[in-house]
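Here the structure comes first, spelled out in structure tokens, and everything after it is commentary.
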Amino acid sequence: AGIEIGAIDELILVGGMTRMPLIQAKVAEIFGMKPSEGVDPDEGVAQGAAIQAGVLSGTVEDVLLLDVTPLSLGVETQGGVFTTIIEKNTTIPSSKSQVFSTTEDHQDRVRIHVLQGEREMADDNMTLGRFELVGIPPAPRGVPQIEVTFALDPDGVAKVSAKDLGTGKSQGIELTASSGLSKEQVERLVAEAANHSAEDAALRSQMDLRNKLEGLVYSTERTLEEFGEEVTPADREPVEAVLVGARASLERMEAADLEVSIQELSALTYSLTEKIYATLDDEAP
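Just so we're aligned, residue 1 is where the sequence shown starts under this note's numbering, counting upward by one.
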């Protein structure tokens, strides 16, 4: 159960055999405390069986034992960010999916890094497992659609799978969601996340800005490459100048610079795209 002896407040013995003095003495020796005598061992079994029978038959409707995920579950995404798929305290069994894509052109595989925790960055959380989905057809970055699914069964076993929605190819891993953590360990991890929430949020925001700017730089460069003949030197020069500044912002990794570069490049790219499509319309027969 992942519970340490020090976390146990009281022992209740259930079952007729626990009446034996030798068993009671051994239990007291192991746990360092005397078992409670307030529950009749035979009646405890009978009462538990009766309640369970009532639940299964539908006679008892006001008793429902629910288990929840002690920590959030997710995967590492671009920039080392921890992307949550199943939130902490989600009732299990549960199943949730999220679609991701590739970060490089012609990427033929993706590495799935499965983690649990409450921090914003993957390195600050606990690794549960890793696996690869291979055989992704060559395509520009951002085109393949990779669906990652977390399915938790009532026993806390997580089946994590990744599926290429284009080809249907899939791969997965099975692991224990709680990873043997005690209640105290879970509480410590949650407290650490709360203590670092401000700095984590700032770092996460910075990484999100970087990822957004990298995507803009990539799409702008592809536009210039694919529609170069439709772009005049007068239109190309300011875009290329802003691209130089954007790359410098990515090197400095300062949030204010990243935001400015995103705004400038977004505006120029939008204007450039409008002109390209207007030119293509004029050239159409």
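Just so it is clear, CB atoms sit at the ideal spot from N, CA and C, and this is done for glycine as well.
Nothing here was measured: the structure is a model prediction, and the numbers come from that model.
Residue i versus the options, residue with shortest Cα-Cα distance
i	options	result
Ile30	Val39, Glu4, Met17	Glu4
Thr18	Gly32, Glu10, Gly6, Asp40	Asp40
Leu272	Val260, Val242, Glu251, Arg252	Val242
Glu87	Ala25, Gly74, Glu214	Gly74
Ser97	Ala50, Leu128, Gln145	Gln145
Asn125	Val244, Val114, Ile262	Val114
Tyr270	Pro238, Arg247, Val244, Gly245	Pro238
Leu133	Glu118, Ala162, Gly215, Val143	Ala162
Thr220	Leu203, Leu209, Val244, Ala202	Val244
Leu175	Leu128, Leu216, Val143, Arg210	Leu128
Proximity of residue i and residue j at Cβ, strictly below 9 angstroms
i	j	result
Ile276	Glu230	yes
Arg130	Tyr218	no
Gln116	Ser72	yes
Val190	Ile173	no
Met253	Asp200	no
Ser197	Ala255	no
Arg109	Ile136	yes
Asp42	Gly15	yes
Whole-number beta carbon distance between residue j and residue i, since they are thought to touch under 8 angstroms
i	j	result
Asp257	Ser266	In fact, because the Cβ distance is near 15 angstroms, the residues do not count as touching under 8 angstroms.
Thr83	Thr77	4 angstroms
Ile8	Ser36	Contact doesn't hold; Cβ gap of about 11 angstroms is too wide.
Asp123	Gly80	6 angstroms
Ser261	Leu213	6 angstroms
Leu152	Ser94	5 angstroms
Thr69	Asn89	7 angstroms
**Prompt:** Pairing CB atoms from the stretch 93-109 with CB atoms from the stretch 166-177, are three or more of them under 8 angstroms?
**Reply:** With fewer than three CB-CB distances shorter than 8 angstroms, the stretch 93-109 does not count as touching the stretch 166-177.
**Prompt:** Touching or not, the stretch 185-192 and the stretch 147-160, by the rule of three or more beta carbon pairs under 8 angstroms?
**Reply:** Verdict: no, contact absent.
**Item:** beta strand (DSSP E) runs wholly inside the stretch 69-99, at least 3 long, in chain order
**Value:** The stretch 69-99 contains these whole beta strand (DSSP E) runs: 73-77, 81-86.
**Ranges of the beta strand (DSSP E) found wholly within the stretch 140-188, counting only runs of at least 3** = Complete beta strand (DSSP E) runs here, min 3: 146-152, 157-164, 170-176.
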